[in-house]
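Notes follow once the structure below has been shown.
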Amino acid sequence: MVRRNESNAIISKKVARRQQKQYEWERFKKRIKGADKELLQKQLGRCLGRVFLYAFLLVIAIYFASYVKNQFFENTEAGVLPASSLVYSGSSQDDVASLNSGELANSSDKGLIKSSKVLVVVDPGHGGRDPGTCYDPEKLYEKDIVLDMSFKLKAYLEEEGIEVLMTRTTDVELDESVVEDLAKRVAIANSRNATVFVSVHVNSEKDKSFKGTQVFYCGTEPINGLSSARFSEIMRDEFDENNKIPYDGRGKKDFKVLRETNMPAVLIETAFISNSRDRELLKSQDFRNEIMKSSAKGVIRAIQEMGAKKINDQWTID
Ligand SMILES: [Zn+2]
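Just so you know, we're using my numbering here: the sequence shown kicks off at 9 and counts up by one.
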């Protein structure tokens, strides 16, 4: 019995040891599982944290990029045009660089002109803290050149009895924000029901070989019988006829001042300040007079196509 008992005791010790091992193994596994879970949770947390951080940074980057693009676009709109892909050289080539999706949406807003009295809004680009494009060695600024030119255009039109309103008459910006500045120019023309809108600018390009006068428009739908595209053709013809103007082409461009004005509108890039020949032209009063005289002729032809007539020294549209 003793032997048997001893044997039993040995067996139960073995069983107990096995159970103990089993128990420890289970505990060990639980511990490992727990540790894995914690580790997994930590890693997941870290990973999610990173995802949120990257998403946040991405949103900031997109917002910043769109802000920069907006600012650049509006600056570009106001003068420094990448001429190469937008403008066709020579007057024989007509339409058109690119369609823009905003145009159709905007075209329906452009109603008939309510006021029958002709009013031309002349918009000298830039001003104040915004010099536009410039030629530093001679302190030659677009904002000054186009203001002088715009006064000439105003004078030529007034000589013919046409009422003119300028968006600025001094060296000022219309708003601290470039976008708002342009919006105010548009608002001046729209709120006064202007008959046509003419924005005057100076061009610039890294490639100094670019030269010549260019005309831009946006809308192709007729407003009171005249589309902006047709208006730009009329201007082209006038520039082309005057051999003192180095006419280079016209193009379609989605500029704010062209897109959002409710009347036929053109933007004249009078010459390239970056080109030495054009720069001399821009400095000369002769050229400034010639190009604005031709612009005035173009404006008169344009409003005539809209049905404007001069009766008792006043231009009106029936
Ligand atoms: Zn400009």
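Think of the CB as a built atom: it goes at the ideal place given N, C-alpha and C, for glycine as much as any other residue. Remember, it's a predicted structure, so these values are computed and weren't measured experimentally.
Y143 versus Y149: straight-line alpha-carbon distance, rounded: Computed Cα separation, rounded: 7 Å.
Assuming M174 and M300 make a contact with CB atoms under 8 Å, what is their CB distance in whole Å? The pair is not a contact, with the Cβ atoms about 13 Å apart (cut-off 8 Å).
Counting along the chain, where does the alpha helix (DSSP H) carrying R193 start and finish? Note, R193: alpha helix (DSSP H), 186–199.
Cβ of V5 versus every heavy atom of ligand 1: is any distance shorter than 7 Å? Outside the modelled stretch of the chain, which goes from 9 to 326, sits residue 5, for which no answer is possible.
Beta-carbon contacts of A202 that lie in its chain and below 6 Å, excluding the five residues immediately before and after: L127, V129, M271
Considering only residues of the same chain and omitting the five flanking positions on each side of E184, which have a CB-CB separation below 6 Å? none
Indicate whether V265 and R200 have their beta-carbon atoms separated by less than 8 Å. Contact flag unset, no.
Under the criterion of a Cβ to heavy atom distance below 7 Å, does E171 qualify as lining ligand 1? False, no ligand heavy atom lies under 7 Å from that Cβ.
Would the beta-carbon of V274 fall within 8 Å of that of M243? yes
Please state whether DSSP places M174 in a helix, a strand or coil. strand
Are N283 and K219 closer than 8 Å when you measure CB to CB? At a Cβ-Cβ threshold of 8 Å, N283 and K219 count as neighbours.
Once DSSP output is grouped into helix, strand and coil, what is the label at V207? In the sequence under discussion, the amino acid at residue 207 is Ser, which differs from the Val named in the question. Correct three-state label for S207: strand.
Under 7 Å from any heavy atom of ligand 2, does the C-beta of A24 make it? The model depicted lacks ligand 2 and carries ligand 1 instead.
Range covered by the alpha helix (DSSP H) that runs through I253: No alpha helix (DSSP H) contains I253, which DSSP labels as neither H nor E.
Nearest residue (CA-CA) to A268, options K291, S236, E167, E249: Sequence inspection shows Glu at residue 268; the Ala mentioned does not correspond to that position. Comparing Cα positions, the closest option is S236.
Would you please state the rounded distance, in angstroms, between the beta carbons of I253 and E298? I believe it to be under 8 Å. 6 Å
With a threshold of 7 Å, establish whether the CB of E150 neighbours any heavy atom of ligand 1. yes
Please find out if some non-hydrogen atom of ligand 1 comes closer than 7 Å to the beta-carbon of G259. no
Give me the Cβ distance between I325 and S124, rounded to the nearest whole Å; I'm assuming they're in contact under 8 Å. Rounded, the Cβ-Cβ distance is 5 Å, consistent with contact.
Taking the straight line between their C-alpha atoms, what separation do you get for A86 and K50? Low local confidence applies: a pLDDT of 38 at A86 is under 50, so the model's placement there is unreliable, with the coordinate-based value given in what follows. Going from the Cα of A86 to the Cα of K50 covers about 53 Å.
Mind checking which residues open and close the beta strand (DSSP E) that includes V129? 127–132 is the span of the beta strand (DSSP E), which, as asked, contains V129.
Helix or strand or just coil, what does DSSP make of I281? coil
For the beta strand (DSSP E) that I319 lies in, which residues bound it at each end? 316–319
Looking at G306 and ligand 1, is the gap between the Cβ and the nearest heavy atom below 7 Å? no
Could you tell me which of Q322, E167, K22, K160 sits nearest to D294, measuring between CA atoms? K160
Would you check if the distance between the CB atom of R176 and the CB atom of F224 is smaller than 8 Å? The Cβ-Cβ distance between R176 and F224 does not fall below 8 Å.
Which listed residue (T278, S303, Y31, V187) has its alpha carbon closest to that of S292: T278
Looking at the structure shown, is V180 part of a helix, part of a strand, or coil, going by DSSP? coil
Rounded to a whole number of angstroms, what is the C-alpha to C-alpha distance between V210 and S302? 16 Å
Contact test: G135 Cβ vs ligand 1 heavy atom, cutoff 7 Å: no
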